[in-house]
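Below is one structure, written out as structure tokens; comments come after it.
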Amino acid sequence: MPMAYNFRIIEDCLKCSFREQRLFCDLSREALIRLQNIKATSIYPKGALLCLEGQPPRGIFVLCTGRAKLSTTSSEGKSIILRIAEPGEVLGLTAAVSGSPYEATVETLEPSQANFISHADFVRFLQEYPDVGLRVAKQLTHNCKCAYGEIRSLGLSNSVPEKLAKLILQWAEHPLELAVKKPQETAIRVTLTQEEIAQFIGTSRETVSRVLTGFRRKGWLRVKGATWTILNRHALEGLVTT
Amino acid sequence: MNTTPAHNQAANELYTLLSPELRAQLASHERCLTVPAGTQLITQGVPPDQLVIVNSGKVEITLACSGESVSLDCAEAGKVFGMRAAISGELPEINVTCMDSCNITTVPRDVFLGLLKAHPETYFAVARVLSGDLQIADRILRNSARRCSPGQRRMSKPV
Numbered sequence: 432m433p434m435a436y437n438f439r440i441i442e443d444c445l446k447c448s449f450r451e452q453r454l455f456c457d458l459s460r461e462a463l464i465r466l467q468n469i470k471a472t473s474i475y476p477k478g479a480l481l482c483l484e485g486q487p488p489r490g491i492f493v494l495c496t497g498r499a500k501l502s503t504t505s506s507e508g509k510s511i512i513l514r515i516a517e518p519g520e521v522l523g524l525t526a527a528v529s530g531s532p533y534e535a536t537v538e539t540l541e542p543s544q545a546n547f548i549s550h551a552d553f554v555r556f557l558q559e560y561p562d563v564g565l566r567v568a569k570q571l572t573h574n575c576k577c578a579y580g581e582i583r584s585l586g587l588s589n590s591v592p593e594k595l596a597k598l599i600l601q602w603a604e605h606p607l608e609l610a611v612k613k614p615q616e617t618a619i620r621v622t623l624t625q626e627e628i629a630q631f632i633g634t635s636r637e638t639v640s641r642v643l644t645g646f647r648r649k650g651w652l653r654v655k656g657a658t659w660t661i662l663n664r665h666a667l668e669g670l671v672t673t
Numbered sequence: 005m006n007t008t009p010a011h012n013q014a015a016n017e018l019y020t021l022l023s024p025e026l027r028a029q030l031a032s033h034e035r036c037l038t039v040p041a042g043t044q045l046i047t048q049g050v051p052p053d054q055l056v057i058v059n060s061g062k063v064e065i066t067l068a069c070s071g072e073s074v075s076l077d078c079a080e081a082g083k084v085f086g087m088r089a090a091i092s093g094e095l096p097e098i099n100v101t102c103m104d105s106c107n108i109t110t111v112p113r114d115v116f117l118g119l120l121k122a123h124p125e126t127y128f129a130v131a132r133v134l135s136g137d138l139q140i141a142d143r144i145l146r147n148s149a150r151r152c153s154p155g156q157r158r159m160s161k162p163v
């Protein structure tokens, strides 16, 4: 199997071992064969732009490996991170279905593989295969549920420490698998810069830095490069009131 | 609730993408009603047994957050509600309340799911409706949630 950036390139969707775990990709054999014919596999370095906010929809991207940030620009011209897409997610779906421009700019946060399907091929694929329609509906339902959760969270969080604690705990749902792991500790990989974290929770980089320093001093968190270790989960959870 | 003749139904976000044949199939199961202001069309946590199409009037979409109600949007004729719950079987997370007297059409969930099974091409129309819901949620996130100061962050006054 070919490699790129230390990950295996998944060229054949029929042989993808992650397929069953992913919301969109767990399709019938017939649909997968068709998908294999209409998708174009690309490998992107960190920082690659898959699509731009406001651009007419060219098609969708199935994120196979890596993560990507979805960002937009506020009415005041500031950059806002809407969310982080994880492997298996379909990007550009709303635009492709509704025919409206892309609603967010998608930028890879790490080396990634994405399968591109053109708009016309995707619409045909959706109409021809019932299970594709069902998967798309489920993905949209899931995205909507996440967005409602985010609105609830943002609408009720009052302090930056609370929002940052929430974010860290959210990331901790996908912990790093370490060979040596201490009980009560959770390691996570954080590829966002402090500026990006600030964009994500609606504050300034300086405030993020100050709050993180506070978490470290209290012994709640250890930060070593991109690896953050939660040392006192209970304390972080205690900050979350909503 | 008063039963009144349907009007302007073909203009809703679901029916515009259905063939006349499929619309005719649904028509025999539809119920058209006029409901007064304050009627709750969709209630958070209560499984809807029908799709609700707003033919006329204005409705408010709200999201409950720890006892408070956050206004997401106001919708008018053409909006379809209950699709997420119909497709996923999950309970609705939003409330939809009539702001004034509304004319609505209801389609039983089972009838719609039966149509979907027999005509899977209908999923495209379903995806379009769900995309509309997602666009509303994303718009709220974009406009209100991220960059405001703590004092401004609450998205709207509780209703």
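In order, the protein sequences belong to chains A and B.
Take the position in the first sequence, starting the count at 1, then add 431; the result is the number in this note's numbering.
Take the position in the second sequence, starting the count at 1, then add 4; the result is the number in this note's numbering.
Here a beta-carbon is modelled for each residue, glycine too, at the ideal position from N, C-alpha and C.
Original post:
Name the chain A residues whose beta carbon is nearer than 8 Å to that of residue 135(B)?
Top reply: 524, 525, 528, 529 and 571
Original post:
Which chain B residues sit within Cβ distance under 7 Å of residue 551(A)?
Top reply: None at all; the shortest Cβ gap to chain B is about 13 Å.
**OP:** Out of 63(B), 107(B), 90(B) and 75(B), point me to the one whose CA is closest to residue 144(B)'s CA.
**Re:** 75(B)
Subject >> chain B contact residues for residue 579(A), given Cβ-Cβ distances below 7 Å >> reply: 67, 97 and 141
**OP:** Would you list, in chain order, the members of the segment 479 to 508 of chain A that have their beta-carbon closer than 8 Å to a beta-carbon of chain B?
**Re:** 503, 505, 506 and 507
Original post:
So, using beta-carbon positions, are residue 98(B) and residue 66(B) closer together than 9 Å?
Top reply: yes
**OP:** Please state if the CB of residue 134(B) and the CB of residue 528(A) are separated by a distance shorter than 9 Å.
**Re:** yes
Original post:
Roughly how many angstroms lie between the CA atoms of residue 523(A) and residue 491(A), to the nearest whole one?
Top reply: 5 Å
**OP:** Measure from the alpha carbon of residue 425(A) to the alpha carbon of each residue in 646(A), 660(A) and 590(A), then state which is nearest.
**Re:** With chain A represented from 432 up to 673, any question about residue 425(A) goes unanswered, as that position is not in the structure.
Original post:
With DSSP run on the structure shown, which of helix, strand or coil describes residue 19(B)?
Top reply: helix
Original post:
For residue 616(A), which residues of its own chain have a beta-carbon under 8 Å away from its beta-carbon, when the five flanking residues on both sides are left out?
Top reply: 660, 661 and 662
Original post:
Are there 16 or more other CB atoms within 10 angstroms of the CB of residue 22(B), so buried, or fewer, so exposed?
Top reply: buried
Original post:
When you compare each of 138(B), 34(B) and 16(B) to residue 535(A) by their alpha carbons, which one comes out closest?
Top reply: 138(B)
Subject >> Contiguous alpha helix (DSSP H) assignments of at least 4 residues, all confined to the segment 536 to 617 of chain A >> reply: 550 to 559, 561 to 587 and 591 to 602
Subject >> CB contact flag (residue 538(A), residue 502(A), <9 Å) >> reply: yes
**OP:** Count the other CB atoms, across all protein chains shown, that sit within 10 Å of the CB of residue 488(A); report buried if there are 16 or more and exposed otherwise.
**Re:** buried
Original post:
Counting only runs that start and end within the segment 39 to 87 of chain B, where is the beta strand (DSSP E) found for 3 or more residues in a row?
Top reply: 44 to 46, 54 to 60, 63 to 69 and 72 to 79
**OP:** Just grab the DSSP bridge partners of residue 434(A) for me.
**Re:** 439(A)
Original post:
Which chain B residues are close to residue 460(A), counting only those with a beta carbon under 8 Å from its beta carbon?
Top reply: None at all; the shortest Cβ gap to chain B is about 17 Å.
Subject >> Collapsed DSSP secondary structure at residue 510(A) in the structure displayed >> reply: strand
**OP:** For residue 564(A), return the contacting residues in chain B, with the cut-off set at a CB-CB distance below 9 Å.
**Re:** 120, 124, 125, 126, 127, 128, 130 and 131
Original post:
Under 9 Å between C-beta atoms, does residue 100(B) make it to chain A?
Top reply: no
**OP:** Inspect the beta-carbon positions of residue 664(A) and residue 600(A) and report whether they are closer than 9 Å.
**Re:** yes
Subject >> 9 Å Cβ cutoff, residue 583(A) in contact with chain B >> reply: yes
**OP:** Name, in chain order, the residues that DSSP records as bridge partners for residue 499(A).
**Re:** 516(A) and 539(A)
Subject >> residue 674(A) - DSSP class collapsed to helix/strand/coil >> reply: This structure gives no information on residue 674(A), because the portion of chain A shown stretches from 432 to 673.
Original post:
When the cut-off is 9 Å and only beta carbons count, does residue 94(B) lie next to chain A?
Top reply: yes
Subject >> Rounded separation between residue 461(A) and residue 26(B) - CA only >> reply: 26 Å
Original post:
Mind checking if residue 154(B) is an interface residue toward chain A, Cβ cutoff 9 Å exclusive?
Top reply: Bear in mind that a pLDDT of 34 at residue 154(B), under 50, signals an unreliable position, so the number given afterwards is only what the model happens to contain. Yes, contact with chain A.
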